[in-house]
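Following: one structure in structure tokens, then a few remarks.
As structure tokens, then:
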């Protein structure tokens, strides 16, 4: 899920579209499990913003923002939310 991400004045990255995208996928994972699909896990693509072969550095996919000039990392709001999902082993609001 590539969305435009910007660091705000508080050095945070709010990415509600990506969070919603991941949440919808996890809701479908849950429905699949309920109907008997042998689901073994779910992986978010990608953990970090990275170089994509077709798009270079132009699109950001990660739940962790990477400043390519300084290599500073900032956990995006979607990453903070996903951390809570993992900790609680359930989709949280």
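Residue numbers (the numbering used here): 37 to 129. Using N, Cα and C, we set each Cβ at its ideal position, and we do this for glycine too. A quick note: this is a predicted structure, and the numbers were derived from the prediction, not measured.
- Linking residue 112 to residue 120 through their CA atoms gives a straight-line distance of about 13 Å.
- When the beta-carbon positions are compared, residue 38 and residue 97 come within less than 9 Å of each other.
- Under DSSP, residue 54 shares a beta bridge with no residue.
- With 16 or more other Cβ atoms from the protein chains shown falling within 10 Å of its own Cβ, residue 118 counts as buried.
- Around the beta carbon of residue 101, 16 or more other beta carbons sit within 10 angstroms, so the residue counts as buried.
- Under DSSP, residue 88 shares a beta bridge with 92.
- Residue 127 is positioned such that its CB atom lies closer than 9 Å to that of residue 59.
- Excluding its 5 nearest sequence neighbours in each direction, residue 50 has C-beta neighbours in its own chain below 6 Å: 113, listed in chain order.
- DSSP places residue 119 outside any beta strand (DSSP E); the residue lies instead in the alpha helix (DSSP H), whose first and last residues are 113–124.
- Note: residue 109 is bridge-paired with 102 in the DSSP secondary-structure output.
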